[in-house]
Amino acid sequence: MSHYQKFEIPESWRWVSIDEIADVVTGSTPSKDHKEYYGGDVPFYKPSDLEQGLFTSTASDWLTPKGYEQARKLPKDSVLVTCIGATIGKTGRIVTEGSCNQQINAVILHNDILSEYFYDVCLSDYFQSEIKNNASATTLPILNKNNFSSIEIPLPPRNEQKRILEEVNKLFSIIGNIESCESTIISSIDVAKSKILELAMQGKLVPQDPDDEPAADMLRRVNPKARIITDNPHYPQLPDNWVYVRVSDVAALLSGRDMGSESCNIKNKGVPYLIGASNITKGTFSFNRWTTQPQVISKKDDILISCKGTIGELLKNTYGDIHIARQFMAIRNYECIRPDFMQYAILNNLTSIRKKANGIIPGISRSIILELAIPLPPMNEQDMIILRIKESESLLDSIEHILN
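What the sequence shown shows, in the numbering used here, is residues 789 to 1192, in sequence order.
Okay, structure coming up:
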């Protein structure tokens, strides 16, 4: 029996039970022992086929004319509703003649009822709630034909059904456009982040100050043996006070090392052990192993990059002392480059780094990182670039959060 009416309807509308406006047919399955019943061109619908929704036309099984004679014959525009199991309430409207199995109640509507309108009603929160409220309260919910047929729905005159459908279609069109725009905007946000990074590495994101100590002088002071890359046509033109350098000239590189199980514990004793990319979630660490015999320790402000299996997971160590497994390398920066700027410089080169990975389990060698050429601006400009990138990313992330 249907539950009480839950909302008011216009005077020209009326509450009706399904069996007042339609014939309800529970499906059946022709015997599988008769192979001649299957393999034809008549669709035989199951609950999983109703994912197609308003325009359900294809099925996972097909009947021959002989099989169709043994099944429940359903005309086009029948609305099919699953009435048993975990997918109870799933609804589809068939656009061709067909049949269905016993998990489905088919609603064959009378002439004054538009099948598209009834389909939309079936998807409403009200109708789905009625289905669940009237189903048996068992592990496998079942709504029998009589209880299903007695569910009441609000019914407007036929002309108003048409007007409602027109408005619903307009709204869905608007929603579709919004979703399309959201997808475009999110894609544009990713492009914008990449472009901001590219401009930053070319010296086009913030203005230069001629009074800043030139990067070349700063580099020679910190590392007199550094090799400055000049007059190379493969690299874009940089501002006057910038230089190109190899990572090896501005940082040390530590390769991780795996620890044996006998050297590890789960009791939070010793140094946290960063085993793999699974220990990193949204730029933060989570640890489930520790070691009192660390051999390769990443320090705070190191830039960590995954170099085995998952290539190019990149983040700054804001935690402190961490033992790193061989899946990671730690880039420890000299005083001439800010850790955040190094992270952005590596991030700007991730695509080319990943292309150089090889092996059955993809990996990158130390030389790929050490020989990587990156731009080096004066220290003050590094600080300005870091601030501008973070401000831009914060704004773009806020927009993306609103859309999601």
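Think of the CB as a built atom: it goes at the ideal place given N, C-alpha and C, for glycine as much as any other residue.
The model shown is predicted, which means the values in this text are computed figures rather than measured ones.
- D837 and V869 have their alpha carbons spaced roughly 11 Å apart.
- Assignment of V869 by DSSP, reduced to helix, strand and coil, places it in the strand class.
- In the three-state scheme derived from DSSP, where H, G and I count as helix and E and B as strand, L902 is classed as coil.
- Beyond the five residues adjoining it in sequence on each side, E1188 comes within less than 7 Å, by CB distance, of I974 and I977 in the same chain, given in chain order.
- T879 counts as buried, since at least 16 other C-beta atoms from the protein chains shown sit within 10 angstroms of its C-beta.
- The DSSP assignment places complete alpha helix (DSSP H) segments of no fewer than 4 residues inside the segment 869-946 at 903-911, 913-922 and 933-937, in order along the chain.
- Between D1037 and R1009, the C-beta spacing is not below 8 Å.
- Going by beta carbons, E948 and V804 fall outside the 8 Å limit.
- Taking the Cβ atoms as the reference, K933 lies roughly 5 Å from T814, within the contact range of under 8 Å.
- DSSP places T972 in the helix class (H, G or I) of the three-state scheme.
- DSSP lists A1040 as the bridge partner or partners of R1120.
- When C-beta atoms of the segment 1096-1109 are compared with those of the segment 954-965, fewer than three pairs fall below 8 Å, so the two segments do not count as touching.
- Contact between the segment 916-925 and the segment 889-901 is not established, with fewer than three Cβ pairs separated by less than 8 Å.
- Beta-bridge partners assigned by DSSP to C1052: T1079.
- Linking Y826 to W850 through their CA atoms gives a straight-line distance of about 6 Å.
- Per the C-alpha coordinates, the member of T884, S845 and H822 positioned closest to Q858 is H822.
- With at least 16 other beta carbons inside 10 angstroms of its own, Y1132 counts as buried.
- Look at the segment 791-836 and you find these whole runs of alpha helix (DSSP H), each 4 residues long or longer: 806-809.
- Going by beta carbons, A1039 and I1125 fall inside the 8 Å limit.
- Of all alpha-carbon atoms in P1163, C1095 and L1103, the one lying nearest the alpha-carbon of R1154 is that of C1095.
- E967 and I1148 have their alpha carbons spaced roughly 40 Å apart.
- By the CB criterion at 8 Å, I901 and C871 fall outside the cutoff.
- In this structure, V867 is the residue among P835, A874 and V867 with its C-alpha nearest to the C-alpha of S903.
- Closest in C-alpha terms to V1031, from the list P1166, A810, V830 and G1048, comes P1166.
- Straight across, the Cα-Cα distance linking Y1122 with S1049 is about 34 Å.
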